[in-house]
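Numbering (mature numbering (1 follows the signal peptide of the UniProt record, and there is no 0)), first residue to last: -22 to -1, 1 to 311.
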């Protein structure tokens, strides 16, 4: 019993002595729905595009996290791309929940040689909640008697808020080129999230700015035998002291998609860190305008048995809402 109490003290001492910082949810299928990364993809298809992604992370641990992302964007002729999205993330053990709604606008500028430049802005309003009743603080632990007091007098417990709200601002851009002669498609993008570094502290009058999230991403798709496609994609992300580089390849065989992503940790923040943290396998089916995707992340680090990460996506490509000229409903991503 005393050993468990000592462990609890050590864990929670670390928890309250380290500066709190949150990291953004990352979707394994970012290449299917790049709207999760960058608002500049609103109206990218020159049509209406909507869908959802559900992600379940580490279902075998007490820290199971479920994340859902629902989005809609459309192209409006002579205006640009308009869109909105809702993100919800829930952690099962602590009941931590992050709910955020975003609206975004992407303009487009035609450059030379069929290149386009698409700058974009996104404004979000978020709320976070946390169940502090599941936290055991050091003043509740009596090591000598081996008992736990049900009530804490810690300043944190007395001043903690169960719910916080904040505004969030994002800016991004995409350069893209669609070559109709050889049916290749190339895009290069970058995004900066949390430009205003919103305060996400649960402590009254506390100050915990959300770290800025940076991402640089690229994709190149080209045809091969009998109108099938091959796609290569890369996505580098940095937030606070942590970074991540995803390298993806995907093959399209008529209506079937098969792919894999190597998830790497270039920073290796500790001696025990792994360069390759997971291999994410992907399979999908496309029926005209409707596409289904499923991915499973195979853990390659020493974190132990987690039962991996599951992800399911459903997207639909519809007609442009406000267009005077005919639109092409062929997917570009």
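Don't be surprised by glycine CBs; every beta carbon is placed ideally from N, CA and C.
Contact between residue 6 and residue 258 is confirmed by a C-beta separation of about 5 Å, below the 8 Å threshold.
Taken through DSSP and simplified to helix, strand or coil, residue 18 comes out as helix. Here residue 203 is exposed, its C-beta having fewer than 16 other C-beta atoms within 10 Å. Straight across, the Cα-Cα distance linking residue 152 with residue 78 is about 23 Å. No Cβ-Cβ contact shorter than 8 Å links residue 10 with residue 45.
As computed with DSSP, residue 226 is found in a beta bridge with 211 and 239. Where residue 142 is concerned, the enclosing beta strand (DSSP E) starts and stops at 141 to 157.
Pairing residue 261 with residue 183, the inter-Cα distance amounts to about 47 Å. Distance from residue 61 to residue 292 at the Cβ level is roughly 17 Å; contact not present, criterion being Cβ atoms closer than 8 Å. Collapsing the DSSP output to three states places residue 205 in a helix.
A distance below 8 Å separates the beta carbons of residue 34 and residue 287. Nearest in C-alpha terms to residue 226, of all of 195, 220, 103 and 250, is 195. Boundaries for residue 309: no beta strand (DSSP E) harbours it, and the DSSP string shows neither H nor E there.
A Cβ-Cβ separation of about 6 Å places residue 140 in contact with residue 107 under the 8 Å criterion. In terms of CA proximity to residue 109, 73 leads the group 69, 210, 73 and 80. Residue state for residue 37 is assigned as coil, using DSSP reduced to three classes. Residue 143 places its beta carbon 8 Å or farther from that of residue 171. Excluding sequence positions up to five before and after residue 274, its CB lies within less than 8 Å of the CB of 258, 259, 286, 287, 288 and 289, all in the same chain and listed in chain order. Contact annotation: residue 222 and residue 22 have beta-carbon atoms that are not nearer than 8 Å. Per DSSP, residue 185 is not a residue of any beta strand (DSSP E), being assigned neither H nor E. Spanning the alpha carbons of residue 88 and residue 37 requires a straight line of approximately 46 Å. Under DSSP, no beta-bridge partner is assigned to residue 90. Residues 263 of the same chain have their beta carbon placed closer than 7 Å to that of residue 234, with the five preceding and five following residues left out of the count. Of 26, 69 and 31, the smallest CA-CA separation from residue 52 is found for 26. Of the residues 267, 256, 169 and 231, the one whose Cα lies closest to the Cα of residue 240 is 256.
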